[in-house]
Amino acid sequence: MSTDALVLKSRKLPSWAPWAVAVGALALAYLGVYAGELLGGGIALTGIAAVVLYLVGVGIAATVVEGRRSASNRVASSLIYAAFALALLPLASVIFTVVDRGRERLDADFFTHSMQGIIAFDANGGIYHAMIGTLEQVGIAVLITVPLGIAAAIYIVEYGRGKRLATAVRFFVDVMTGIPSIVAGLFILAFWVLVVTPMFSSDGKAHYSGFAAALALSVLMLPTITRSCEEMIRLVPDSLREGAYALGIPRWKTITKIVLPTALPGIVTGIMLAIARAAGETAPVLLVAGGYASINTNPFEGNQASLATYIYDQISTASQYGPPRAWSAALTLVVLVLTLTVAAKLLASRNKLTK
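Counting along the sequence shown from 1, when you hit position 268 you're at 268 in full-length UniProt numbering, and nothing is skipped either side.
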């Protein structure tokens, strides 16, 4: 004698139903708010109205078909997705605006020429000198901060466990993380530019330089690198260290041969994120390096431009050709920062310690 299995199935909305509700909500919001100028019109209010209409519509449809409990779950999920989409709107708007306005001047001449000899009514000029300045300033900052950040992280994790000095170092690193970039620039201006450079200059006067900008960027990069390195080193399993100690390997050799290579992907990720932040800083570079229209390959002498200061100079100029140059330079900087950020995320996803 066979008995049929009892299968309980609840009714569910068809997969196309939420999409149909979304299309209807967009249509109603466009006709009522944007075209009909209800509530003042505008794209922002139209988007908000579309989201509200979608939540109401999908809630009613789910309640009728699936019941109140499933409807509540569906509305809550839709609200989370809507909040995520709204959070992405500013980023999407910025990227669209920068790409739309910045692609006008992007050509080979823009990347291979500087602003030397360019007058107000000249449409030529490029960012070659600013790219050199950015690469040199960020490169010097990396050379300064990477050894210091890794050394500080090694001390905190490997040598300073339970010690007051390690706690103090971690505290000051956390404090430095929240320092505004303008404060870092003012610190280097007051210490390096106004006090140190007159002592070594032939005329006894203060001088701007790309090296001073690199020092200011180092103040901003150091806490990011230190904290990321600390977390990655801390994630290395203690079993690896204990196995090395059991074989009689000294602690310093265990750190350099086992701990650091294991944590290397995470360390590189933190360094790239710090570089991405430093490449877009304007205030500290403007304070201590100034701006320069010509190519200056010597970061230790004379003013030096960067992409960020170039954007500031061009957007502030009275020439009609300045803003298009600024937008193109901004697009270049955005592509650089996004590339570094995406590369860092890819490295982080392949890091076995974070899985």
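Don't be surprised by glycine CBs; every beta carbon is placed ideally from N, CA and C. Fair warning: this is a prediction, and the values are worked out from it, not measured in the lab.
Beta carbon of alanine 76 nearer than 8 angstroms to that of leucine 53: Taking 8 angstroms as the cut-off, the Cβ atoms of alanine 76 and leucine 53 do not count as close.
Stretch pair the segment 251-265 + the segment 320-339: three plus CB contacts closer than 8 angstroms: With the rule of 3 Cβ pairs closer than 8 angstroms, the segment 251-265 does not count as touching the segment 320-339.
Segment limits, alpha helix (DSSP H) that includes histidine 207: Here histidine 207 belongs to no alpha helix (DSSP H), and DSSP marks it neither H nor E.
Contacting residues, own chain, Cβ-Cβ under 6 angstroms from isoleucine 267 (five flanking each side not counted): These residues qualify, in order along the chain: Cys229, Met232.
Exposure of lysine 12, with buried meaning 16 or more beta-carbon neighbours within 10 Å: Note on lysine 12: under 16 other CB atoms within 10 angstroms of its CB, so exposed under the neighbour-count rule.
Delimiting residues of the alpha helix (DSSP H) encompassing aspartate 238: If you look at aspartate 238, you'll find it in the alpha helix (DSSP H) that goes 238-246.
Whole-angstrom distance between glycine 204 and serine 93, CA atom to CA atom: In this model, serine 93 and glycine 204 are separated by some 49 angstroms (Cα to Cα).
Sequence-distant residues of its chain with Cβ nearer than 8 angstroms to glycine 185 (five each side left out): Excluding five sequence positions before and after glycine 185, the CB atoms of its chain that fall closer than 8 angstroms to its own CB belong to Ala216, Ala283, Pro284, Val285, Leu286, Leu287, Val288, given in chain order.
Nearest candidate by alpha-carbon position, reference alanine 22, set Gly59, Gly42, Tyr34: Shortest Cα-Cα distance from alanine 22 to any of Gly59, Gly42, Tyr34 involves Gly59.
Per-residue burial, tryptophan 327 [other beta carbons within 10 Å of its own, 16 or more giving buried]: Buried is the call here.
Spatial neighbours of valine 51 in its chain, beta-carbon cut-off 6 angstroms, leaving aside the 5 residues before and after: Beyond the five residues adjoining it in sequence on each side, valine 51 comes within less than 6 angstroms, by CB distance, of Ala82 in the same chain, given in chain order.
First and last residue of the uninterrupted alpha helix (DSSP H) at glutamine 304: Segment: none, glutamine 304 is in no alpha helix (DSSP H) and carries neither H nor E.
Inter-stretch contact (C-beta, 8 angstroms, three-pair minimum) for the segment 149-168 and the segment 330-340: In short, these stretches do not touch, since the Cβ pair count stays below three.
Beta-carbon proximity list for glutamate 301, same chain, < 8 angstroms, skipping 5 on both sides: These residues qualify, in order along the chain: His207, Ser209.
Close Cβ partners of valine 337 (< 7 angstroms) along its chain, the five nearest in sequence each way excluded: Excluding residues up to 5 positions away in sequence, Ala276, Ala279, Gly280 lie with their Cβ nearer than 7 angstroms to the Cβ of valine 337 in the same chain.
Own chain, CB closer than 6 angstroms to glutamate 104, minus 5 neighbours either side, in chain order: In its chain, beyond the 5 residues on either side, Pro324 have a beta carbon closer than 6 angstroms to the beta carbon of glutamate 104.
Cβ contact (3+ pairs, closer than 8 angstroms) linking the segment 296-315 and the segment 116-133: With the cut-off at 8 angstroms, the segment 296-315 and the segment 116-133 touch.
Neighbour-count burial assignment, arginine 74, 16 or more Cβ in a 10 Å radius: Buried: at least 16 other Cβ atoms inside 10 Å.
Segment limits, alpha helix (DSSP H) that includes phenylalanine 110: Counting along the chain, the unbroken alpha helix (DSSP H) around phenylalanine 110 starts and ends at 108-112.
Three or more C-beta pairs below 8 angstroms linking the segment 161-170 and the segment 237-249: Counting Cβ pairs under 8 angstroms, fewer than three are found: no touch.
Option in Gly125, Pro18, Ala17, Ser181 with minimal Cα separation from alanine 213: The shortest C-alpha to C-alpha distance from alanine 213 to any of Gly125, Pro18, Ala17, Ser181 is the one to Ser181.
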